[in-house]
Amino acid sequence: MTVYLGKQRQLATEEITPTHGIVLQLIRRVEGSGHKLYMDSYFSSPALYDDLLEHRINLCGTVRNDRRGMPQEIRPKSLKLKKGDIVTRVKGNLSVVRWKDKRDVYVLTNMHPPPLDGNFRDESGRAIKPHVIEDYNAHMGFVDKSDRMVNSYGIARRTWKWTKKLFFHLLDMTVLNAYLLHKSCDGKMTHKKFREILVRDLILQSHEANITVSGVSRGRPSSSGAQLSRLEVKHSKHWPAKGKQRRCRVCSINKKSRSTLFCCKKCDVALCVVDCFEKWHTRVRV
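My numbering applies: residue 134 is where the sequence shown begins, and numbers increase by one.
Following this line, the structure appears as structure tokens:
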């Protein structure tokens, strides 16, 4: 990634535009590996596609019809199209496709076979998308979906400082990536539930960080952390209850003979209320 700070003229030359230079900067770690990239019209140009093909990167993306290197004969002033019309021009490995639906769509590609020219509509008169546009929509759709998911529970707030905006955006993206990893491991949580659990765990960690190794509180404890800790106990449902006289499980493990009327309601284990109840629920070895 790189942060947009206006047109970066230092990346431009007589042959390379600033956007062309930015893409070359971004692909340095993936060049030569045979990757496929999809991009929108802000970056696309015939010169960029030819350049990246030399780096073994194939591309597909929308393009502005007035970009340098675009064929004159398929521009709106030279050619009028009807709904469903497809016009293709090919130069070497590069194909330029102009498709007419409600508006003109221009696509550059060097990874798809060029579609046939003609008018293609279904029985209801709707324009049929060429495969190159379907493929572009399928892959660029992930970018739009990612933006929607981030904005659904975004933590960013209005601020004059662009650095703060960037920080919160990157934090949102990090949380989203963590959630996607959770889903890839067959996780069942919703995006909202995942964020709720993450927030709760972060607050609990900040509360526990106030306690030193010796157990002495360091500084003022977090009120929200203490409240969440209390509620954790509430949801665990491990409550002491009075019942029949039985031998305490912890005392028996430690080879002590002691009976008690109390037990854990959820575990159904007899336990002395003092010490043993806490040991049973907080220690691996009692």
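Every residue gets a Cβ at the ideal spot worked out from N, C-alpha and C, and that includes glycine. All figures in this text were calculated on a predicted structure; none of them were measured in a lab.
With fewer than 16 other beta carbons inside 10 angstroms of its own, residue 300 counts as exposed. A contact is defined here as three or more CB-CB pairs under 8 Å, and the region 276-294 fails this definition with respect to the region 256-263. Per DSSP, the unbroken alpha helix (DSSP H) holding residue 273 starts and ends at 264-285. In this structure, residue 232 lies near residue 220, with their beta-carbon atoms less than 9 Å apart.
In its chain, beyond the 5 residues on either side, 221, 223, 228, 230 have a beta carbon closer than 8 Å to the beta carbon of residue 247. Look at residue 395 here: in three-state DSSP terms it is strand. The beta carbon of residue 172 sits closer than 7 Å to the beta carbons of 192, 194 from its chain, once the five residues preceding and following it are set aside; these are given in chain order. DSSP, reduced to helix, strand and coil, places residue 385 within a helical segment of the structure shown. Judged by pairs of C-beta atoms under 8 Å, the region 204-216 does not touch the region 264-276, as fewer than three such pairs exist. Residue environment: residue 242 is assigned as buried (16 or more neighbouring CB atoms within 10 Å of its CB, all protein chains considered).
Bounds of the beta strand (DSSP E) holding residue 375 are 373-380.
According to DSSP, residue 172 shares a beta bridge with 194.
In the DSSP annotation of this structure, the continuous segment of the beta strand (DSSP E) that includes residue 239 starts and ends at 237-242. DSSP, reduced to helix, strand and coil, places residue 154 within a helical segment of the structure shown.
Burial is judged here by how many other beta carbons sit within 10 angstroms of a residue's own beta carbon; residue 236 has fewer than 16 and is exposed.
Beta bridge pairing from DSSP links residue 228 with 223, 242. Counting the other CB atoms within 10 Å of its CB gives residue 318 a total below 16, which places it among the exposed residues. Under the three-state reduction of DSSP, residue 333 is assigned to helix.
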